[in-house]
Each structure stands twice: as C-alpha cells, then as structure tokens.
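The structure under discussion appears below in the form of structure tokens.
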Amino acid sequence: MNEDRRRILDMLAAGQVTAAEAERLLAALENPSAAAGAAADSGAKPKPKFLRIFVEGEGKRGTPLNVNLRVPMQLLRAGVKLSSILPSQARGPIAEALREKANVSRARIDLTSLKPENLEELIESLDDLTVNVDSHNTKVRFTYE
Amino acid sequence: MIPMTATIYVKQASGRFLHLWIPLILLWILLLPLLILIAPLFLIACLLFGLNPLRIVYQFWQTLSGLSGTNAEIHHERAHLVFRIS
C-alpha cells in the first residue's frame, strides 16, 4: 500500500473525510488524468498566462498596420514587484517625472500605488475580459489567455 | 527559467526574408564575467541605499524569467516582422 493511499484511509478512519470523499480521492490517485478532467469540468478555470494586445491601425500612407503582442503575465507580475523595491530616494524623482508626463498625456500613473497584491486582484478579475479601444482609425483590443 | 533563445523573422513584400535565431544562453555566458566584476559595486550600492541585494537579484531573475513566451508580430503591407523569446 503506498503512502498516499494509507494517508487517505487514515483520514477516513479519523473522520476527517467521508467515505464518498475518500472514494473520490482514491479514484483520483488511481487515475490522475481523469481527476484533472473532472476538476476542469467542475468550473476551475486556469489563471491567465498571457496578456494579448491587438492593434489595428494605419501606417503613414494609410496602409493597414497590425500589431499582435503577447506578454507573459509573469513578466507583468515581476515588473510590478520590481517597482516595489525601488529605493525611496528614487521614488520621488520618478513620481515627479510621471506627474509631468501625466499633465501632457492626461494618463495618470502613480508608481507608489502600484502593489503586487493589487495586480493579483486585477488579474483575477480579468477572467474572460476583452477591452476594445476605438480611436480614429485605430482599434486596440486586450484579451487574456 | 530564463529565456534561452530569441527568434527574429522579417519578411518583405518582395519575398525576401530574414530568419535570425539568437541563442541567448551565449549572451548570458558572456555577461557572467561582467556580472562578477560589478558584483562588489552592486553590493556597495545596496548598502548605501539600504536595499536587500538578494531580493533585488531575485526580482531581476523573476523579470528575466518572465520574458519567456513574449511574442510580438507586426504586419504591414511592406513587411511582416515576428519577434519571439523562448
């Protein structure tokens, strides 16, 4: 008897799991691929791994220009965490430079409010989200996969 | 895992194309002596700014690892460009 099977039986003996749950666990041990399929059927969606950005626009002479970017979510997470280790001496000038840019482009970015836990929350809420941005002759679409 | 290869593919409307396969592992090997040389300076900078050097190295490693899977495709009537890191 292998260790996993013994542990399940011990849990059943201790009353930590019901007989039906123990049966399911034992079945999963015998056939892990079927268990994975069942988990997928039960609605457990995988976390998005990539951010896709599609840009459909026009070149200088009105010719079509398409851009398709795939950015790993791990890179976004690492980037946000990297910003959190910036020394306090550097944060002031960076925030100041971003404020100046924001006055020009009206896009407000505050690095100090960018936190890894916020990003995780954002990623979780991005499930099945598609963002379409239409501007003049340019279309931007964000999807997660 | 840090990225090991990068691929650049450019195809012009005339049919001419360029396919470059860049073994990034060689780049990392070449940069290794340089990293060893700048390590003392990095440690001094960390001490001056009160930063944890291990945390910084870990975050840089994570960022570098995160690059794997990056893919960019630009399609124009005159050329088609694909850039891939894996």
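Those protein sequences? They're chains A and B, same order as listed.
The number in this note's numbering is simply the position in the first sequence, starting from 1, with 2 added.
The number in this note's numbering is simply the position in the second sequence, starting from 1, with 483 added.
All C-beta atoms, glycine included, are put in the ideal place defined by N, C-alpha and C.
Would you say residue i reaches chain B, if we count a Cβ-Cβ gap shorter than 8 Å as a contact?
| i | result |
| --- | --- |
| A:F52 | yes |
| A:A80 | yes |
| A:I87 | yes |
| A:N105 | no |
| A:P66 | yes |
| A:K141 | no |
Give me the residue from the options with the minimum Cα distance to residue i.
| i | options | result |
| --- | --- | --- |
| B:F500 | B:A562, B:W544, B:F525 | B:A562 |
| A:R143 | A:A80, A:E123, A:I55 | A:I55 |
| A:N120 | A:P48, A:T145, A:L31, A:K83 | A:K83 |
| B:P506 | B:I521, B:L515, B:T488, B:V493 | B:T488 |
| A:V57 | A:R63, A:N68, A:P50, A:K51 | A:N68 |
| B:I557 | B:I491, B:L520, B:P486 | B:I491 |
| B:L510 | B:A528, B:P486, B:F566, B:P536 | B:P486 |
| A:L27 | A:G17, A:I10, A:A16, A:A15 | A:I10 |
| A:Y146 | A:T140, A:N139, A:H138, A:L124 | A:L124 |
| A:H138 | A:P48, A:A29, A:G64 | A:G64 |
| B:G533 | A:L100, A:A24, A:Q91 | A:Q91 |
| A:G59 | B:K494, B:E560, B:L518 | B:E560 |
| B:T546 | A:K103, A:G61, A:P66, A:R79 | A:R79 |
Pull up the CB-CB distance for residue i and residue j, whole angstroms please, since I reckon it's below 8 Å.
| i | j | result |
| --- | --- | --- |
| A:Q76 | B:S548 | 7 Å |
| A:P74 | B:G552 | 4 Å |
| A:L31 | A:D6 | 6 Å |
| A:L162 | A:A29 | What is shown of chain A runs 3 to 147, which leaves residue 162 of chain A out entirely. |
Which partner residues of residue i appear in the DSSP bridge assignment?
| i | result |
| --- | --- |
| A:I10 | DSSP, once it has assigned bridges, lists no residue as partnering A:I10. |
| B:W504 | B:T490 |
From the beta carbon of residue i, is the nearest beta carbon of chain A less than 8 Å away?
| i | result |
| --- | --- |
| B:R499 | no |
| B:S551 | yes |
| B:L534 | yes |
| B:Q542 | yes |
| B:I539 | yes |
| B:I485 | no |
contact_flag[the segment 539–555 of chain B, the segment 84–104 of chain A] where n(CB pairs < 8 Å) is 3 or more: yes
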